[in-house]
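In the UniProt record's numbering, the protein residues as written are 1 to 259. Using N, Cα and C, we set each Cβ at its ideal position, and we do this for glycine too. Since this is a predicted model, take the numbers as computed values, not measurements.
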Amino acid sequence: GALLALNKPPGLPILGCPGDLSLDSMLPALRQRLGLAAELHVVKAPAREYSGLVLLSTCYHTTKKLQQFFTNARQRGQHPATYHAITVGVPAEVEGEICTGLCWQQQGDRAMVRGCQWSEGTGDTPGSAEGCALQVVPVPAPGRRSLARKDVKITLTCYRVLSAMGGCALLQLQPRTAFPEQLQVHLTLLLCPALGDHEHSSHVGRVLGVPFFLTPEKKGHTPTCTQVLDEELLSRLGLSPRQVHHLPLHIHLQELVLP
């Protein structure tokens, strides 16, 4: 079947409720506009908050084979998906790996929670916890029991700094695992949250300009709803403090490797 690649803007979900705007709801109109005889299927797409590459197919069997290829490639330690991210802060090392356990946690409660419904991307794309009264938090040293119960999952992302200027950086990200909000949490562990990350960026604090990580237990409050940016960066972006909450998440699915 034919393959079609599109560029998705941030904020557009893959699936949605009847009557809501989503990528899936737009496929019939796209099929008609392109004059395609067969239905379009989503092979792989970034999560709602991300922008970037959407891969579509007119063949159901091709869709399933490609999705299985992405899963198998990731399990073999390969990087079938490459993301780019703009970060507030520059990593200390030019390249490296972020490896940590991740789990769901109730906001304001240390108890772990299983079975949350989450909005996911397709083909092992990290998704989001939107609509849940939960947050995704790192677990640096998970116990065997929590791993066996799948309360905690070991996650890994490879990164490389492509460019840096004015206290910000352009990073290449290649996730080896798929967990909701994995890339955002991993970037905060680098002390370089993604630009436009209004949920996890508050876990990075600063004292005399030196960044440090704030665990949810130490924070003791619900994350802020707007990322805090310094006046110099706001000026370069041409934004006022009141406009920052409109800033989208700057994580972009840049490249997919096909068989």
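Nearest residue (CA-CA) to residue i, options the options
i, options, result
"S57", "Y83, L30 and L4", "L4"
"Q182", "L170, Y159, M165 and G209", "Y159"
"V210", "E49, L234, G167 and L195", "G167"
"Q105", "G77, V137, Q78 and L30", "V137"
"F179", "L190, L191, T100 and S163", "T100"
"M165", "L249, T87, R206 and T188", "T87"
"V204", "L214, L195 and G196", "L214"
"L258", "A29, A37 and T71", "T71"
"G196", "P142, A2, G11 and R31", "G11"
"C59", "R48, A38 and A47", "A38"
"Y50", "M26, V244, P13 and S25", "P13"
"H61", "V42, Q75, A85 and R206", "V42"
"Q174", "V244, P80 and Q184", "P80"
"N7", "E97, R48 and G238", "R48"
"L66", "K44, H84 and V54", "K44"
Terminal residues of the beta strand (DSSP E) in which residue i lies
i, result
"T157", "V152 to M165"
"T87", "A81 to V88"
"S57", "S51 to S57"
"P138", "L134 to V139"
"R144", "Here R144 belongs to no beta strand (DSSP E); instead the alpha helix (DSSP H) covers R144 to A148."
As assigned by DSSP and simplified to three states, the class of residue i
i, result
"L102", "strand"
"E93", "coil"
"P248", "coil"
"P9", "coil"
"R33", "helix"
"R110", "Residue confidence for R110 is low, a pLDDT of 43 falling below 50, so the modelled location carries little weight; the figure read from the coordinates is stated next. R110: coil per DSSP, three-state reduction."
"C17", "coil"
"Q78", "coil"
"R206", "strand"
"L258", "coil"
"L4", "strand"
"A45", "strand"
"L214", "coil"
"L253", "strand"
"Q243", "helix"
heavy atom of the ligand GDP below 7 Å from residue i C-beta
i, result
"K153", "This structure lacks the ligand GDP; in fact it carries no ligand of any kind."
Rounded Cβ spacing between residue i and residue j (contact assumed at less than 8 Å)
i, j, result
"L156", "T177", "5 Å"
"I251", "A194", "5 Å"
"E95", "V139", "So it is not a contact: roughly 24 Å between Cβ atoms."
"G234", "P241", "The identity of residue 234 in the sequence shown is Leu, whereas the question assumes Gly. Yes, they are in contact, since the Cβ atoms of L234 and P241 sit about 7 Å apart, within 8 Å."
"D151", "C103", "6 Å"
"G52", "Q254", "6 Å"
N-terminal and C-terminal residue of the alpha helix (DSSP H) that residue i is part of
i, result
"S235", "E231 to L237"
Quick check on the DSSP output: what are the complete alpha helix (DSSP H) runs of length 4 or more inside the segment 170-199, in order along the chain?
182-189
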